Amino acid sequence: MAASSNSSLSGSSVSSDAEEYQPPIWKSYLYQLQQEAPRPKRIICSGEVENRPKYYGREFHGIISREQADELLGGVEGAYILRESQRQPGCYTLALRFGNQTLNYRLFYDGKHFVGEKRFESIHDLVTDGLITLYIETKASEYISKMTTNPIYEHIGYATLLREKVSRRLSRSKNEARKASVTSEEHPTVEKISSLVRRAALTHNDNHFNYEKTHNFKKESS
């Protein structure tokens, strides 16, 4: 009888809420992606820059063009600089190298740095977060596609869970992207910055990175 009681108690402690359940294989994959993401590489300005904002460091290169910024980045994944707009003095841009292209984002400061909703204490933290977000967003779709065609995962139920979970998150991200879009200062392309899920269970034993919402560096055309 005691054994039966214990078994019943044990079974009742298992949550049946699919929203809270995260398969270890998904956690492991996202942790792996975070480790693989490009690391920030600050390109330092060798000379003194006049009128450099006090909250920017030597990654600030003053008033330079997109072309000059691209040349300074040298095609290195994760490399970044800050610059002031030639056409709109007083407006600042983060130029970031990712996916074999240079992405430009309007940069703001209100005591903390941001390009979207999420604030950061430092430019380094902002770029780190953005690179991981971009990398996971790029790679996760490939992973989900593999899982949906793998009969083992389909049998366990992982594929269905992942499809539903990620679809919900990406749908929210697209809606938020429309609300948080900013226009580039030197190009008709609209740089849309949104909130997206990226920190999904980086450890197996805690919830510190359990699908925490963060900003995203996703670049879209108008």
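For our numbering, count along the sequence shown from 1 and bump the result up by 494.
Just so it is clear, CB atoms sit at the ideal spot from N, CA and C, and this is done for glycine as well.
From a predicted model like this one, the values you see are computed outputs, not experimental measurements.
For Q595, the enclosing beta strand (DSSP E) stretches over residues Q595 to Y603.
One alpha carbon belongs to L597, the other to I558, and they sit about 15 Å apart. Burial check for S540: the Cβ neighbour count within 10 Å stays below 16, so the residue is exposed. A distance below 9 Å separates the beta carbons of L567 and A589. In the structure shown, Y550 adopts coil according to DSSP, grouped into three states.
Sequence-distant partners of E571 (beyond 5 residues in either direction) whose C-beta falls short of 7 Å from its own C-beta, in its chain, are P532, R591 and F592. Classified as buried, I537 has 16 or more neighbouring CB atoms from the shown chains inside 10 Å of its CB. Taking a contact as a CB-CB distance under 8 Å, the pair A573 and K633 does not count as one, their CB atoms being some 20 Å apart.
The beta carbons of E565 and G556 sit no closer together than 9 Å. Between F614 and D604, the C-beta spacing is not below 9 Å. Rounded to whole angstroms, the separation of the alpha carbons of V621 and K612 is 12 Å.
Distance from the CA of I630 to the CA of L527, rounded to the nearest whole angstrom, comes to 6 Å.
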